[in-house]
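*Asks:* One structure, pasted below without further comment.
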Amino acid sequence: MEVKVVDRIVKRNGQVVPYDGTKIVLAIEKSFLSVKESVDQAYLSDLLEQIEAQFDGRQEVDVEEIQDTVE
Numbered sequence: 434m435e436v437k438v439v440d441r442i443v444k445r446n447g448q449v450v451p452y453d454g455t456k457i458v459l460a461i462e463k464s465f466l467s468v469k470e471s472v473d474q475a476y477l478s479d480l481l482e483q484i485e486a487q488f489d490g491r492q493e494v495d496v497e498e499i500q501d502t503v504e
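Here it is, written out as structure tokens:
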């Protein structure tokens, strides 16, 4: 079953921008690095797939929803 990736993200200021999964991966990677931990790229890809699956079929998602899912 293929996941339909979100089209747009609603930022905190209300601006709507195109979805870019690499931003989520970079944020997760930075959080690992901030506590001096390394993380495997395959693991990050797996996490991104899980996060995207949470929003399957939705066209627009608030950035806070993504943040809550990541946490």
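For the sequence shown, the working numbering begins at 434 and goes up steadily by one. The beta-carbon is built from N, C-alpha and C at its ideal position, and this holds for glycine as well.
Which of the three DSSP states is assigned to V496 in this structure?
*Replies:* Residue state, collapsed to three classes: helix.
*Asks:* Excluding the 5 residues preceding and the 5 following V496 in the sequence, name in chain order all residues of the same chain whose CB lies nearer than 8 Å to its CB.
*Replies:* These residues qualify, in order along the chain: I442, V443, K444 and R445.
*Asks:* Can you give me the Cβ contacts of I461 inside the same chain, cut-off strictly under 7 Å, excluding the 5 residues immediately before and after it?
*Replies:* Counting only Cβ-Cβ distances below 7 Å, and skipping sequence neighbours, we find L477, L480 and V503.
*Asks:* Tell me whether V468 is buried or exposed, calling it buried when 16 or more other Cβ atoms sit within 10 Å of its Cβ.
*Replies:* Flag for V468 reads exposed.
*Asks:* So what does V449 bridge to, in DSSP terms?
*Replies:* In DSSP, V449 forms a bridge with V443.
*Asks:* Under the rule that 16 or more other beta-carbon atoms within 10 Å means buried, what is V439, buried or exposed?
*Replies:* Buried, since its Cβ has 16 or more Cβ neighbours within 10 Å.
*Asks:* At the level of alpha carbons, what is the spacing between E482 and Q492?
*Replies:* Distance between the alpha carbons of E482 and Q492: 16 Å.
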